[in-house]
Structures are given as C-alpha cells and as structure tokens.
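Undergrad: Here it is: the structure, laid out below.
Numbering (the numbering used here), first residue to last: 38 to 152.
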C-alpha cells in the first residue's frame, strides 16, 4: 500500500512535501497498554500459564527494589501452583536470570517442604 502510494506520488511529479505527508499518514503505530504483556507473548509462551506470565513480568519489574520484591514473593509467588512455579523457574533459567531463579527456587523448596 505504501509502495503504491509512493509510485503514484513519484509518477505525478509532486513535491517532496506530498511524499512526506503520504509516508507520515501511512505509518501509524498501534501501541497497547504498558501494564500488561503484549498478545504475542501470550501466544508464544504455551508452557506458562496466565498467572505465571504475570508473576514473571512483576518479578522482573521489582528486581531492583529488594523490599518490594520480598513482599511480592511472600504475598503472590507463594500462592502459585507447583506447575506454575516450576514454569517460572525454567523461564528465568532460560533467560539466565540467576537472582530471580534463586528467589523462585526458594519458593519451590518451601512448597516441597510443606507438601
């Protein structure tokens, strides 16, 4: 569509301002909310459940604040099912995120101790 519009503009020998207007009007970016993962992540990560994806995103966001991270781990991560905990652990290992892998591993070990 852009090529066709550029061909029409160049063949009609218009000024460069018209070409710029055509390019600017056809290049629209659609952005979603920054607070939730994009749809492609939801489609791509079949091994992670919805809760696992949300926990993964939040843990990565809170990684720089140790107080809030510990509070989030105690309140939210500890409530995950074992399969989701293991999936989150594998995801952090895949990303070579050692610090968060150890945090999640601690939750998995506590889960094993309880059950």
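We put the CB at the ideal spot given by N, CA and C, even for glycine.
Quick caveat, the model's predicted, so the values are computed rather than measured.
Grab me the residues of residue 117's own chain with a C-beta within less than 8 Å of its C-beta, minus the 5 sequence neighbours each way, in chain order.
TA: Here residue 117 is taken as the residue at index 80 of the chain shown, counted from 1. Once the five neighbours on either side are set aside, the close Cβ partners of residue 117 are 88, 89, 92, 125, 144.
Undergrad: Can you grab the Cα-Cα spacing for the pair residue 96 / residue 120, in whole Å?
TA: Your numbering for residue 96 matches position 59 in the chain shown. Your numbering for residue 120 matches position 83 in the chain shown. Computed Cα separation, rounded: 17 Å.
Undergrad: CA-CA distance, residue 98 and residue 86?
TA: If you number the chain shown from 1, residue 98 lands on position 61. If you number the chain shown from 1, residue 86 lands on position 49. Using only the alpha carbons, I get a separation of about 19 Å.
Undergrad: Please confirm whether residue 129 and residue 115 have their CB atoms less than 8 Å apart.
TA: The count along the chain shown starts at 1 and reaches residue 129 at position 92. The count along the chain shown starts at 1 and reaches residue 115 at position 78. Result no, Cβ atoms of residue 129 and residue 115 do not sit closer than 8 Å.
Undergrad: What is the rounded straight-line gap between the Cα of residue 103 and the Cα of residue 152?
TA: In the chain shown, counting from the first residue as 1, residue 103 sits at position 66. In the chain shown, counting from the first residue as 1, residue 152 sits at position 115. Approximately 28 Å, taken between the alpha carbons.
Undergrad: Could you have a look at residue 130 and say whether DSSP puts it in helix, strand or coil?
TA: Counting from 1 along the chain shown, the entry for residue 130 is found at position 93. Residue 130: helix per DSSP, three-state reduction.
Undergrad: What is the DSSP secondary structure of residue 102, counted as helix, strand or coil?
TA: The count along the chain shown starts at 1 and reaches residue 102 at position 65. Reduced to three states, the DSSP call for residue 102 is coil.
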